[in-house]
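In the order they appear, the protein sequences are chains A and B. In this text, residue positions in the first sequence follow our numbering: the first is 1, and each later residue adds one. In this text, residue positions in the second sequence follow our numbering: the first is 1, and each later residue adds one. In this text, a Cβ means the ideal position worked out from N, Cα and C, and glycines have one as well. In this text the structure is predicted, and so the values were computed from the model without any measurement. A short write-up of the structure that comes next.
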Amino acid sequence: MSLVVDHLTKRFGSVVALDDLAFEVAPGQVFGFLGANGAGKTTTMRIALGVLEPDAGRVTWQGTESHRLPRSTWGYLPEERGLYPRMRVLDQLVFFAGLHGVPVGRAKREAVAWLRRFRAEDLAERKAEQLSKGNQQKVQFIAAVLHDPAVLLMDEPFTGLDPVNVMLLREAFLELRDRGRTVVFSTHQMEVAEALCESVAIVDRGRMVIGGRLRDVKRATGRRLVRISVADDHRLPWLASVPGTRVIQVGMDRSSIELDVGVEPAAVLAAAVAAGVRVVHFEIADQSLEQVFIEHVGRPPDEELHLAPADGDDEPADDAAAAAERAAAAERADDPVRAAGKGAA
Amino acid sequence: MTAPREPVGRTRGDGGLGNVWLVARREYVERVRSRAFVFSTLLLAGLAVVVALLPLAVRMVDRATVTRIAVTASEPGLADRAVGVMDGFLNARLSGGGGGTDTMFEFERLDDEAAAVEAVREGSVAATMLISRGVDGGLDMQVLSAGGLGPDRAQLLQVGAFAVGILDWTASNPATTRPFVVPGFEVVDAGAAGSGGGAASVDAAEYASRRIVGIVFVMLSFLTLVFYGLWVASGVVAEKANRVMELLISAATAPQLVTGKITGIGMAGLTQVGLVLAPALLTLLASDRIADAVLGPAAGSASSLAALSPGLLLAFLVYFVLGFALYAALYAGAGSLLSRAEDLQIVALPLSIPAIAGYLPAVLALSGGTSAFIRFASFVPLWSPFVMMARLSVGTVEPWELGLSVGLLAATVPLVTWLAIRVFRAGVVLYGQPPTVRTFLRAVRHG
């Protein structure tokens with residue numbers, strides 16, 4: 001009795017948007033649908049909504065095929081947000097709820113209640129074109145949930161939101177989940193998914209890459225992560241002595257080290273102690289979702305958000321510089337070791 | 001491939017007609033409340049009143065022009081007397097007021113009847129009045145005209161003829177052995193002179209009126225169908241451009257959205273047509289009274305309303321509703337293939353071509369033509385709202401022709417709407433390049 005994406009295939013001309021995509025979402029979960037732009041997230045949602053027809057496969061909710069379900073089963077927040085610019089906010093909300101069969105009186109009450117909860121009750125009488133982008137997104141979200149749908153399909157809900165609204169939206173998600181609603185949202189921001197989701201599916205170019213419970217997905221590669229804080233040189237020059245380790249994130253306070261399968265976290269700590277480094281914090285963690293994504297897909301989910309490497313941006317030079325730095329740092333590394341193993345094991 | 005599916009959205013609990021009504025009401029309210037609607041309605045209503053007053057204005061201007069009339073009589077001296085009486089009576093009446101010098105008629109006596117008839121034909125005079133004495137001793141006046149004599153002037157001339165009759169009765173026969181006989185008066189088309197075709201004279205005036213009414217209807221149909229059709233297309237494009245469509249299509253089905261939009265905008269259009277036409281119709285109805293006040297009681301009626309029957313208005317309503325549904329469906333389908341409002345002109349022109357193609361036979365039909373092509377055009381659903389309205393206005397339609405024309409149009413509307421819905425369903429989720437014929441066909445196939 002869940003939301004089943006059952007081997008969907010969809011082509012647009014010669015472009016294969018979905019290639020035998022299959023996953024399941026347990027009811028009452030917050031589910032992260034992860035992928036870069038063009039992975040097929042929006043297409044999957046449109047098929048679920050009955051707006052698009054798949055070439056093969058189907059989407060079912062509680063055993064019923066999506067195109068036999070009433071549309072009010074779904075609450076949809078499109079990626080491209082849009083409202084009628086010259087219509088009052090309250091009128092729009094009542095209109096959209098009305099299309100889903102909510103009587104005017106109830107729709108008004110619910111709309112006002114939701115606006116109040118988003119601390120935006122003063123928006124009710126305004127026209128959509130007068131709203132800030134963040135406020136428009138609040139209204140859009142309310143339009144998607146006003147008819148109290150069983151499943152929420154949210155396409156990139158956090159994109160373009162300011163931090164305050166991100167927090168509000170997260171809380172709304174969790175509250176809807178607590179009310180027994182199923183929340184599916186797509187994103188290319190792995191931290192958000194990591195913070196909110198019980199389960200995830202990672203898709204790339206219309207194909208399922210990996211999916212399941214968040215913890216299982218994060219452990220699927222068998223690699224582990226060490227987060228470490230040292231009192232001295234945060235570039236961790238001594239790490240070169242431990243094979244199968246990589247610094248994936250350098251921070252003044254805390255750095256993350258990725259370990260190959262078979263490399264014991266204790267070896268890192270031992271190396272640090274041997275090098276006489278004062279360790280302030282030491283933590284063994286699962287791989288971040290971002291790392292899992294890169295590992296499976298071969299590139300970061302938000303690759304297109306960054307500049308492509310410039311010509312002559314040569315990695316060897318980078319390596320040489322890093323090596324020289326490490327060598328120099330190794331000479332200075334003569335401090336007494338003070339390991340504060342926290343959360344080890 | 002999976003088994004054949006039911007069309008998307010045709011499930012229980014999807015709002016059905018309720019959603020059509022919601023979409024229609026939203027469209028209607030948004031249109032009617034918009035500033036553009038209010039302004040264009042006021043402007044068009046003003047324009048329509050002006051047009052309605054036009055015949056009156058023409059008559060006022062007409063007052064200053066001089067109509068030359070040749071007079072011949074069967075008795076010696078009668079022609080001279082008639083010229084004197086009518087000149088004094090008709091021209092004095094107007095100049096008497098303010099001492100103005102404006103002359104409405106210029107009469108000249110011609111002794112040769114054949115020459116007088118010829119003068120009308122070659123246009124050197126507007127009309128020739130042939131006066132003869134009937135067996136009862138009263139006068140018969142036949143006015144030959146080749147279109148140079150307007151209905152107003154003809155009526156004034158009748159007043160003059162009446163005066164001639166009275167004077168003839170009192171002057172030439174003091175003993176009064178015979179009772180006064182109202183002089184016979186008829187306007188005859190010069191082409192039909194001598195054959196005594198009295199019927200033709202009535203028809204000429206009414207026919208002109210019918211043509212005016214027909215022109216108004218054809219132009220009104222043409223403008224409203226293309227104009228309100230564009231409203232539908234631009235409404236669809238706007239929803240796509242500002243992305244409300246994404247939310248709409250997930251909340252309501254494509255048939256609900258298309259039929260709701262067409263209904264709502266159609267009602268708004270009908271409201272505007274009503275608001276524009278009502279004051280104009282009232283003006284026309286009141287124009288006789290206005291004419292009395294402005295031109296004096298003898299001016300008579302312009303009879304421009306004569307051809308505007310309730311039946312014709314009803315036919316216009318039927319053709320407007322069906323014709324609009326047809327054109328609006330086409331515009332909705334076409335609009336759904338566009339992504340930006342700027343692309344609207346890409347479909348605006350091609351879609352107005354069938355309308356323009358129907359406008360031409362309609363104009364031909366207005367001049368009384370009933371060629372095979374015009375008959376055929378009045379059955380073609382895209383054209384019949386114009387062509388059949390034109391034929392109805394000038395009264396050249398058999399009942400079965402009207403039935404067939406309306407029936408074909410009514411049958412085409414659901415067919416085209418169904419097609420438009422298929423295009424719409426596929427089109428609204430397509431963003432990007434402006435449509436080509438191939439995208440259109442693919443949309444129809446897969447929609």
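The beta carbon of B:R31 sits no closer than 7 Å to any beta carbon of chain A. Close to chain B, meaning a Cβ-Cβ distance shorter than 9 Å, is no residue of the region 172–200 of chain A at all. Fewer than three pairs of CB atoms, one per stretch, sit closer than 8 Å, so the region 359–379 of chain B makes no contact with the region 264–280 of chain B.
Under the DSSP assignment, A:Y84 falls outside any beta strand (DSSP E); it carries neither an H nor an E label. Contact note: B:I265 does not reach chain A at a C-beta cutoff of 7 Å; the least C-beta distance is about 15 Å. Contact annotation: in the region 231–247 of chain B, residues whose CB is within less than 7 Å of a CB in chain A are N242, R243, V244, E246, L247. Between the beta-carbon of A:F158 and that of A:Q136 there is about 15 Å, and that puts the pair past the 8 Å contact cut. Under the 7 Å criterion on CB atoms, A:G298 is classed as non-interfacial with respect to chain B.
Proximity to B:P361 across B:F227, B:S40, B:L53, B:V218 peaks at B:V218, based on C-alpha coordinates. Taking 9 Å as the cut-off between beta carbons, none of the residues of the region 320–334 of chain B comes near chain A. Distance check between A:Q291 and each of A:I202, A:T60, A:F23 places A:I202 closest, using alpha-carbon atoms only. Interface criterion met: the Cβ of B:A251 is under 7 Å from a Cβ in chain A. One finds R46, V51, L52 in chain A with Cβ atoms closer than 9 Å to the Cβ of B:V429, taken in chain order. Between A:F96 and chain B, the shortest Cβ-Cβ separation is below 7 Å.
Residues of the region 226–252 of chain A that bring their beta carbon within less than 9 Å of a beta carbon in chain B are absent altogether.
At a cut-off of 7 Å, the C-beta of A:G82 has a neighbouring C-beta in chain B. Around A:A285, no beta-carbon contact reaches into chain B at under 7 Å, the shortest distance being about 39 Å. With its beta carbon at least 7 Å from every one in chain B, A:H7 lies outside the interface. Within its own chain, the residues whose Cβ lies closer than 6 Å to the Cβ of B:T259, once the five positions on either side in sequence are excluded, are V20, listed in chain order.
Ranking B:A48, B:D111, B:V51, B:L54 by CA distance to the CA of B:A73 puts B:D111 first. A:A220 does not reach chain B, its nearest Cβ partner there being about 32 Å away, counting only Cβ pairs nearer than 7 Å.
Under DSSP, the beta-bridge partners assigned to A:A201 are A:F33, A:G211. The Cβ atoms of A:P85 and A:A143 do not sit closer than 7 Å to each other. For B:M104, the three-state secondary structure derived from DSSP is coil. Taking all protein chains in view, the Cβ of B:R33 is surrounded by fewer than 16 other Cβ atoms within 10 Å, so the residue is classified as exposed. The DSSP-derived three-state label of B:Q158 is helix. Taking a cut-off of 8 Å for Cβ pairs, the region 157–166 of chain B and the region 114–125 of chain B do not touch, as fewer than three such pairs fall below it. Setting aside the 5 residues that flank it on each side, A:V166 is surrounded in the same chain by F158, each with a C-beta closer than 7 Å to its C-beta; the list follows chain order.
In this structure the region 226–237 of chain B does not lie against the region 390–398 of chain B, because fewer than three pairs of beta carbons, one per stretch, are closer than 8 Å. A:E198 has its alpha-carbon roughly 35 Å from the corresponding atom of A:D122. In the DSSP annotation of this structure, A:S72 is not part of any beta strand (DSSP E), being labelled neither H nor E. In this structure B:V406 touches B:V318 by the C-beta definition: roughly 6 Å separates them, less than 8 Å.
By the criterion of at least three beta-carbon pairs nearer than 8 Å, the region 85–94 of chain A is not in contact with the region 55–66 of chain A.
Approximately 11 Å separates the beta-carbon atoms of A:R227 and A:E258; this is outside 8 Å, ruling out the contact. Under the three-state reduction of DSSP output, B:G77 falls in the coil class, being neither helix nor strand. Per the DSSP secondary-structure output, B:S132 pairs in a beta bridge with B:D140.
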